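Peer 1: Structure incoming, see below.
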Amino acid sequence: MTTPVKGRNLPDGLRRHSQRHARRRARGERGFAVLKTWRILHKVRSSVTGVGDLVRAILVLEHGPAQ
1 MTTPVKGRNL PDGLRRHSQR HARRRARGER GFAVLKTWRI LHKVRSSVTG
51 VGDLVRAILV LEHGPAQ
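Per UniProt numbering, numbering through the sequence shown is continuous, rising by one, with the last residue being 67.
And the structure:
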């Protein structure tokens, strides 16, 4: 796992790395926020495989099928 680089006035390469990291992290956080709004996931009683299928179904309902 990579981590962002802290500081100001970073060289372009490190600044781009930190920006990309922030974008990926934000995307993941938004995804979890969407899943948390679905109350069915609050008390799941299913196998790990079943939960994965349930999450995929929710994401399709939220965002449409993967392209």
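A virtual CB, placed ideally from N, CA and C, is assigned to each residue, including glycine. Note that the structure is a prediction, hence the values are computed from the model and not measured.
Rounded to whole angstroms, what's the CA-CA distance from Q19 to R25? Just pull it up for me.
Peer 2: Rounded to the nearest angstrom, the two C-alpha atoms are 10 angstroms apart.
Peer 1: Consult DSSP for T3 and reduce its assignment to one of helix, strand or coil.
Peer 2: Reduced to three states, the DSSP call for T3 is coil.
Peer 1: With DSSP run on the structure shown, which of helix, strand or coil describes V44?
Peer 2: Note: V44 maps to coil in three-state DSSP.
Peer 1: Are the segment 34 to 41 and the segment 54 to 65 in contact at 8 angstroms, needing three or more beta carbon pairs?
Peer 2: Yes, the segment 34 to 41 touches the segment 54 to 65.
Peer 1: Can you give the Cα-Cα distance for F32 and L10, rounded to whole angstroms?
Peer 2: When rounded, the distance between both Cα atoms is 30 angstroms.
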